[in-house]
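Reading through the structure tokens given below for one structure.
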Amino acid sequence: MPHRLIAFFILTATSAFACSVPVFRYALEHWAADPYRVTVPHGTKLDGNFKVTTADVPKIELRQPLMMRNDEVIWSADFNEANVKALLDSPARQQIAERLGAGESAVWVLLESGAAAKDAAAAKFLDERLEYLAGVMELPKLDQQDVKNGLVSVPGDGLRLEFSTLRLKRDDAAESAFIAMLLASEPDLRGLNEPIAFPIFGQGRVLYALVGKGIRVETVDRAAQFLIGSCSCQVKEQNPGVDLVMAVDWKKMVKDQAMPGQQLPELTQIADLLPQTVKIEGKGESKPVDAPAWLDWRIGLGLIVLLAAIRMLMKR
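Quick note: to get my numbering, add 20 to the position in the sequence shown (first position is 1).
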């Protein structure tokens with residue numbers, strides 16, 4: 021029983037910091053993608069979001085971001101212009117970026133199995149179900165204080181609830197690196213010969229994989245509801261998903277979508293919403309700057325429940 025109470029207190033404390041911005045939009049504006057690790061020959065200069073190491077090998081070796089705790093090479097290819105291009109970008113990723121830039125909530129990539137009947141059935145189901153969901157689901161109502169505090173750069177009527185699908189063949193050479201990233205997003209996907217659906221949102225983040233018979237009403241609805249629901253936790257690492265390599269200037273994309281006059285803060289600047297002390301010229305004393313009202317009660321509630329949980333732990 022004490023464990024359940026403690027879990028309740030912690031969850032309550034976490035939810036105290038929730039915001040009204042839909043997950044897909046908060047992720048697009050604030051969740052910068054983690055860099056992939058890549059090994060290339062000595063003397064190579066590589067653009068993009070990577071942690072680069074060089075070695076005395078004529079190959080490209082791609083590994084997931086450090087936070088994935090997986091040192092396995094997920095994609096390897098001879099070092100040449102075509103393979104560098106496949107690593108950095110691809111036609112499918114360009115389409116995904118274009119759709120996300122147009123305001124879509126998520127793009128569902130269907131990685132085909134190669135079995136025509138299975139792939140067609142999965143694609144038909146996804147198309148129909150996502151169209152239905154877009155017609156019956158509703159986006160959360162934005163708290164205007166969240167807009168003022170820079171948690172979102174567009175007003176509520178500037179958000180779109182829309183999904184689309186994109187079919188991808190497994191033997192598409194131009195997509196080889198992209199497919200490797202998708203299949204590495206969860207263990208054991210590479211050994212499955214089934215159609216796999218990957219919802220992609222934010223700055224090129226795949227939520228999780230829906231495989232074969234797992235592409236059904238319950239799983240699709242659950243993923244869609246998470247993506248359009250209010251962001252209950254603003255810390256990226258505490259949310260499901262794995263980042264992908266996308267050759268996109270996300271900051272510019274968000275800026276282009278922002279409403280006139282709305283300044284989107286850097287992620288580090290969100291901390292500036294907390295109470296601060298400033299010097300008043302000529303008076304030699306400092307005066308506290310009031311924090312936004314929404315932070316006052318959420319921080320207070322969060323501290324209360326966390327202290328209660330700590331006291332219960334100490335009494336055990």
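Every residue gets a Cβ at the ideal spot worked out from N, C-alpha and C, and that includes glycine.
- Distance from the Cα of Pro-85 is smallest, within the candidate group Asn-69, Ser-40 and His-62, for Asn-69.
- By the criterion of a C-beta distance shorter than 7 Å, Asn-259 is surrounded in its chain by Cys-253, once the five residues flanking it on both sides are discounted.
- Rounded to the nearest angstrom, the gap between the Cα atoms of Gln-114 and Lys-168 is 32 Å.
- When only Cα atoms are considered, Arg-225 and Gly-261 end up about 6 Å apart.
- The beta carbon of Val-60 is closer than 7 Å to those of Leu-66, Val-72, Thr-74, Ile-80 and Phe-99 in its chain, skipping five residues each way along the sequence.
- In the three-state DSSP reduction, Pro-61 falls in the strand class (E or B).
- From the listed residues Ala-204, Gly-134, Leu-181 and Leu-212, the smallest Cα separation to Lys-189 is found for Gly-134.
- Separation of Glu-124 and Glu-182 (C-alpha to C-alpha, rounded to the nearest whole angstrom) is 5 Å.
- The distance from the Cβ of Ile-220 to that of Ile-116 is about 6 Å, consistent with a contact at the 8 Å cut-off.
- Using a Cβ-Cβ distance cut-off of 8 Å, the stretch 141-155 and the stretch 199-212 are not in contact, since fewer than three pairs of beta carbons, one from each stretch, lie closer than that value.
- In the structure shown, Ile-94 falls within a coil segment according to DSSP collapsed to helix, strand and coil.
- The Cβ atoms of Thr-239 and Leu-230 sit closer than 9 Å to each other.
- Pro-215 and Glu-118 do not touch by the CB rule: their CB atoms are close to 23 Å apart, not below 8 Å.
- Between the beta-carbon of Met-201 and that of Ile-94 there is about 7 Å, and that keeps the pair under the 8 Å contact cut.
- Under the three-state reduction of DSSP output, Pro-160 falls in the coil class, being neither helix nor strand.
- When Ala-217, Leu-107, Leu-209 and Leu-162 are compared, the shortest CA-CA separation from Asp-139 is found for Ala-217.
- In the structure shown, the three-state DSSP call for Lys-189 is coil.
- Residue pairing by DSSP places Glu-81 opposite Thr-59 and Ser-96 in a beta bridge.
- In the structure shown, Ser-196 adopts helical secondary structure according to DSSP, grouped into three states.
- Closest in alpha carbon position to Ser-173, among Val-104, Leu-108, Leu-82 and Lys-271, is Lys-271.
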